[in-house]
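Following: one structure in structure tokens, then a few remarks.
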Amino acid sequence: MRTGADVTALAYIQGRRDLAEARRVIERIFETIDVLVTPTTPVPPPTIAEISKDVGTSMRLGAPYIRNTSPFDVYGIPTISVPCGFTINGLPIGLQISGPNGGEASAQQLGTSACQTCRVDPLFAGGAFRISSQCGMNVGGANGD
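Residues are numbered in the working numbering as their position in the sequence shown, beginning at 1, plus a constant of 8.
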């Protein structure tokens with residue numbers, strides 16, 4: 009909280025304007041796609057033993073895991089993560105599905121379909137999952153697919 013005391017009213021107003029502009033830019037992406045599909049995390053999850061070593065190790069190992077999710081949180085983009093497979097070591101892999109503002113139903117629809125009826129291939133391709141489905145949606149991948 010003390011850090012916030014150093015923010016001037018002008019800087020706060022400019023920050024809010026910048027955030028609003030970023031949200032408008034992001035919304036334009038959804039003019040050509042219904043949903044955006046990315047891996048929930050960019051790397052496989054650590055084991056409990058790895059993150060239980062000490063607080064510093066836990067923090068260091070945890071940082072990469074919010075890289076794909078935090079932008080959607082900050083910009084208020086409706087997003088769901090669904091399980092879609094396992095690593096070679098048996099750890100879970102998640103598929104993150106994001107929709108436009110107000111598009112919770114689209115993200116939920118594809119998430120439900122991915123879990124129940126769609127063939128989801130948890131294969132990395134240029135840092136993004138490729139999905140094959142008959143869900144009737146225009147799906148954009150993180151690598152422009």
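Don't be surprised by glycine CBs; every beta carbon is placed ideally from N, CA and C.
From the DSSP secondary-structure annotation, give me the bridge partner or partners of Ile105.
Val45 and Ile88
Can you give the Cα-Cα distance for Ala28 and Leu103, rounded to whole angstroms?
A direct Cα-Cα distance of roughly 27 Å separates Ala28 from Leu103.
Check whether the Cβ atoms of Val43 and Ser114 lie closer than 8 Å to each other.
yes
Do Thr77 and Thr95 have their C-beta atoms closer together than 8 Å?
Not closer than 8 Å, so no.
Inspect the beta-carbon positions of Ile88 and Val45 and report whether they are closer than 8 Å.
no
When you compare only the Cα positions, how much space is there between Thr55 and Thr11?
34 Å
Name the residue from Ala122, Gly98 and Pro53 whose alpha carbon lies nearest to the alpha carbon of Ile74.
Pro53
Could you tell me if Ile101 is buried or exposed, where buried requires 16 or more neighbouring beta carbons within 10 angstroms of its beta carbon?
Buried is the call here.
Span of the alpha helix (DSSP H) around Ala13:
Arg10 to Ala13
Three-state secondary structure assigned by DSSP to Phe94
strand
Nearest to Glu39 by alpha carbon, out of Thr120, Gly107, Gly119 and Val51?
Cα-wise, what sits closest to Glu39 is Gly107.
Spatially closest choice to Asn97 from Arg24, Gly23, Val51 and Arg31, by CA coordinates:
With distances taken between Cα atoms, Asn97 lies closest to Val51.
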